[in-house]
Amino acid sequence: MSAPSPEIAVEDLVLADRVRIEDLVDREGLEELCRSFVTLFGIPVRIYSVEGALLADAASEHELCAYVNTLPQGRRACAATVSGVRSQDPGAGGDVARPCFTGAAYRVMAIQYEGRRVGRLIVGPFLPSDVSGPPASLLAVDPALDAERARALLQKVPRAKADTITRIAAHLKAALDLILFSGHKAHVTSQMHLASVRESYRQLEEKTAKLQEAFDRLRELDRLKSSFLATVSHELRTPLTSIIGYSEMLSQGLAGALSPEQQEFVGTIHDKGQQLLSLILGLLDLSKLESGTMRVRMSRIGIEPVLAQVVSTLTPTARKKGVELRMVVEGTLAEVKGDPERLRQVFINLVENALKFTPQAGAVTLRARMVEDAGDGDGEGLVLLSPTRTNLEVRVEDTGIGIPARERPRVFDAFYQVDSSSTREYGGTGLGLSIVKRLVDAHAGTVRIEDNAPQGTVFVVTLPPPAPTAPPEVRSPG
Amino acid sequence: MQINFGGREIALKLVYYGPALSGKTTNLRALHQLTSDQARGRLMTLETRDDRTLFFDMLPVTLRAEVPAGGMALRIKIFTVPGQVLHASTRRLVLQGADGIAFVADSQLSETEHNAASFLDLRRNLSELSLSLRSFPVVIQFNKRDLPQVRPDQELAMLAGRGREPVFKASAVTGQGVLETFFGLLHMTWTKLDAEHGLASMIGIPAAELLPMAARQLGITTDVRELLGASLGGRLDVGHGGRS
Ligand SMILES: Nc1ncnc2c1ncn2[C@@H]1O[C@H](COP(=O)(O)OP(=O)(O)OP(=O)(O)O)[C@@H](O)[C@H]1O
Ligand SMILES: Nc1nc2c(ncn2[C@@H]2O[C@H](COP(=O)(O)OP(=O)(O)O)[C@@H](O)[C@H]2O)c(=O)[nH]1
Ligand SMILES: [Mg+2]
Ligand SMILES: [Mg+2]
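Line order of the protein sequences matches chains A and B.
Numbering follows my numbering, in which position 82 of the first sequence is assigned residue number 82; successive positions increment by one, without gaps.
Convert by adding 1000 to the 1-based position in the second sequence; the result is the number in my numbering.
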């Protein structure tokens, strides 16, 4: 990536800039300006760039010139005069007069901007006030010249005193200077703007690159952490399985009968081993989810069998606690795209929680139904999108201790448990919901918490329908 | 500085730096007003509607050696930077290629910290351009002396005496101290560049002639020595720090 060089030196923009009339001034505007002078004073005006290009020409031919040009030698003499005037340098003083053989005259003046010559102004032909009749040079220019006619036409050439021309030209130059200044200012502003934007962009790119670097490093660290966790959990699980297995065999009397006290101790070893195992399994799941190595096998599935299995798995627990566990299906459920094994894990966790935090004689209801997606955003394309947005909603409702609103965003954090003093009463590690959240995310679903009036909690899991069948080229990957 | 032998020109860039609203634009306006248009051009201001400098202001001054056979022209462009924090990138751009800096501080006690922050900003920007304040022609102006609750005179005199940069007191709204600051800056910049590049002989005048010539062409009648004499402390005459 080639960042723009910081050397977009402003002096290039402003300090050493070559101001060129043709870059700063609109051509037509310049012509208009000149024409207005011609209209006012009747004297032709032309503007040339420093390089000699004609920029504005508001000259209308005098009748005398037109007449002279009908004569072969007259035309030649005229062309010679005009080209001489055109290449005339305004000299150190910036103002020279140049006569024409007809007795008329031109003035060639320098146009200055900020002390530099940027062009030339040519005024004329006009008739100097001291010329009374046709000079010999006019009368002799062509044998076919009609002297009377020439005399009459000469009188029609607008007359001007030298200092009148000077004043007119000064006025025109002042107007032009103002226009040049405005154009220059606009030019500089836009150049400066551009340079500033480029400079900001350069800085932004620098920062972005730094951030990206930091981000990459963090992500790598994160990956290392996850893989470390996965390895460690795996290494812990292997000996633990042996501890659980052997303590089970001991308590079953496979190594000889145990005294009641021994039985109790072995039972404790077994229970604690189980606890440790579920903690490790939870950590393992979490780290797999975090490192993105958990495999989720998506297919079109019905959710009912999954929920039914969850209920049958947990019915014994519910019974033991004296909590009623029900499943309600409202209407017909559409299929969702999901991994039945992972979804079962989601609802096992949620129902386990519901049972755990609901006292005796309470009720836990697993309710499934289709809901219309309110959509995100401000309803853009709602009419188009909402028909394709019928989501499956599964609600896990309990009549338990509830979760205060301010705790709700945090219970999905790993290891977070509401009110740690009372958690001891319920046990657990605080991993369940963080796994739920990640699994639901992996299904492109959402999970949120609502109140269950008058008391208790509802965990609402929403799962999107399989993507609408779109033409192949716009189907989202995966 | 840019030397254009073909165009027979030397271009200098002077920058008025300082915190937002310290009076940089006002300095340029005053300079524009106090000088004749023989040598200085139109003041170009690029301001937002609320009078804040958007990109910069710029006042061109062209001095021509008064010698019979073509000396070079000295084109000086005086810039202000936009003071608002927002315009950091523009400030850096304007600073590029600067030959001298006038730091315009707001004398009000309440602005002391802003002045300091802006000066640090200047130092940072210079160092990003691989320039160091130490070898740079810098003058400091304490503007808005007309207001109440300003840093007291004795304090300025005392600190100026200890500091490196010449300090000028000014009230730019009335034009007071503005020429002094400008000539102080021109003097330091000229002295340094002449020592390094022999500008005086290039232009075709004795080095000591530049300031009087500038004053003459700008239509200033005050004696240049008097203008420079207004500086407090600092080392106005040791402008060629680049050599030591
Ligand atoms: N249905 C519920 N009613 C009230 N509080 C709940 C409910 N579900 C979760 N919580 C609160 O959220 C916390 C986090 O739940 P989570 O499932 O992540 O952890 P846990 O159940 O404490 O432990 P684990 O699931 O790892 O055995 C719980 O400790 C509890 O404070
Ligand atoms: N009282 C007082 N006000 C000043 C002085 N100089 C500038 N100001 C005011 O300070 C404000 C900001 O000045 P400006 O030149 O725009 O500041 P900049 O942001 O540095 O260009 C304006 O309202 C000026 O009128 C001064 O010497 N005295
Ligand atoms: Mg749990
Ligand atoms: Mg300003």
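Don't be surprised by glycine CBs; every beta carbon is placed ideally from N, CA and C.
Under 7 Å by beta carbon: chain B residues contacting residue i
i, result
"Gln203 of chain A", "Ser1089"
"Lys173 of chain A", "Result: empty, since nearest Cβ-Cβ is about 14 Å, beyond 7 Å."
"Ala195 of chain A", "Leu1093"
"Ser148 of chain A", "With the sequence shown as reference, residue 148 of chain A is identified as Glu, and Ser is not the correct amino acid for it. Result: empty, since nearest Cβ-Cβ is about 52 Å, beyond 7 Å."
Supposed close pair residue i, residue j - CB separation, criterion 8 Å
i, j, result
"Val157 of chain A", "Phe126 of chain A", "7 Å"
"Val296 of chain A", "Asp339 of chain A", "5 Å"
"Ser1107 of chain B", "Asn1143 of chain B", "6 Å"
"Val394 of chain A", "Leu307 of chain A", "7 Å"
"Ala58 of chain A", "Val82 of chain A", "Not confirmed; about 16 Å, so no contact."
"Val436 of chain A", "Val328 of chain A", "Actually they are not in contact, since the Cβ atoms of Val436 of chain A and Val328 of chain A sit about 21 Å apart, beyond 8 Å."
"Val96 of chain A", "Val108 of chain A", "5 Å"
"Gly400 of chain A", "Pro359 of chain A", "7 Å"
"Val336 of chain A", "Leu392 of chain A", "5 Å"
Buried or exposed by the 16-neighbour rule on C-beta atoms within 10 Å, applied to residue i
i, result
"Pro1166 of chain B", "buried"
"Gly103 of chain A", "buried"
"Leu1186 of chain B", "buried"
"Gly377 of chain A", "Below a pLDDT of 50, predicted positions are generally treated as unreliable, and Gly377 of chain A, at 48, falls in that range; the measurement from the model is reported next regardless. The residue in question, Gly377 of chain A, is exposed, as its Cβ has fewer than 16 Cβ neighbours within 10 Å."
"Arg120 of chain A", "buried"
"Gln212 of chain A", "exposed"
"Leu30 of chain A", "buried"
"Glu1226 of chain B", "exposed"
"Ser129 of chain A", "exposed"
"Tyr426 of chain A", "exposed"
"Glu199 of chain A", "buried"
"Leu1171 of chain B", "In the sequence on display, residue 1171 of chain B carries Ser and not Leu. Classification for Ser1171 of chain B: buried."
"Thr462 of chain A", "buried"
"His62 of chain A", "buried"
"Thr1222 of chain B", "exposed"
"Ser1022 of chain B", "buried"
"Ile1003 of chain B", "exposed"
"Gly245 of chain A", "exposed"
"Phe1056 of chain B", "buried"
"Arg1092 of chain B", "buried"
"Ser1089 of chain B", "buried"
"Glu1066 of chain B", "exposed"
Contacts of residue i in chain A (Cβ-Cβ under 9 Å)
i, result
"Gly1041 of chain B", "Tyr113, Glu114, Gly115, Phe181"
8 Å Cβ cut-off: residues of chain A touching residue i
i, result
"Met1044 of chain B", "Phe181, His184, Lys185, Val188"
"Ala1073 of chain B", "Gly115"
Proximal chain B residues relative to residue i, where beta-carbon distance stays under 8 Å
i, result
"Ser200 of chain A", "Ser1089"
"Met192 of chain A", "Leu1046, Phe1055, Phe1056, Thr1090, Leu1093"
Under 7 Å from the C-beta of residue i: neighbouring residues of chain A
i, result
"Pro1148 of chain B", "The contacting residues do not exist; Pro1148 of chain B stays about 37 Å from chain A at best."
"Pro1060 of chain B", "Glu114"
CA nearest to the CA of residue i, picked from the options
i, options, result
"Ile1078 of chain B", "B:Met1072, B:Arg1164, B:Arg1134, B:Met1001", "B:Met1001"
"Ala363 of chain A", "A:Glu372, A:Asp89, A:Asp398", "A:Asp398"
"Leu1156 of chain B", "B:Thr1062, B:Arg1008, B:Ala1105, B:Leu1043", "B:Ala1105"
"Arg98 of chain A", "A:Arg217, A:Ser200, A:Val123, A:His187", "A:Val123"
"Val131 of chain A", "A:Pro359, A:Gly94, A:Leu154", "A:Leu154"
"Gln88 of chain A", "A:Met370, A:Val50, A:Ala77", "A:Val50"
"Arg159 of chain A", "A:Leu54, A:Tyr106, A:Arg223", "A:Tyr106"
"Met1188 of chain B", "B:Leu1218, B:Met1213, B:Val1138", "B:Val1138"
"Lys1095 of chain B", "B:Ser1130, B:Arg1151, B:His1114, B:Met1072", "For the record, residue 1095 of chain B in the displayed sequence is Leu; it is not Lys. Nearest C-alpha to Leu1095 of chain B: B:Ser1130."
"Ser247 of chain A", "A:Asp222, A:Leu350, A:Gly267", "A:Gly267"
"Val19 of chain A", "A:Ile111, A:Phe415, A:Arg76", "A:Ile111"
"Lys356 of chain A", "A:Gly445, A:Arg319, A:Ala334, A:Arg342", "A:Arg319"
"Leu366 of chain A", "A:Thr315, A:Ala66, A:Lys161", "A:Thr315"
"Gly93 of chain A", "A:Leu71, A:Asp142, A:Thr166, A:Leu138", "A:Thr166"
"Asp26 of chain A", "A:Glu335, A:Pro466, A:Phe415, A:Ile179", "A:Ile179"
"Glu353 of chain A", "A:Val440, A:Gly456, A:Gln275", "Rather than Glu, the amino acid found at residue 353 of chain A in this sequence is Asn. Ranking the options by Cα distance to Asn353 of chain A, first place goes to A:Gly456."
query: Closer than 8 Å, Cβ to any Cβ of chain B: which residues of the segment 156-190 of chain A, in chain order?
result: Phe181, His184, Lys185, Val188, Thr189: these are the residues of the segment 156-190 of chain A whose beta carbon lies less than 8 Å from some beta carbon of chain B, given in chain order.
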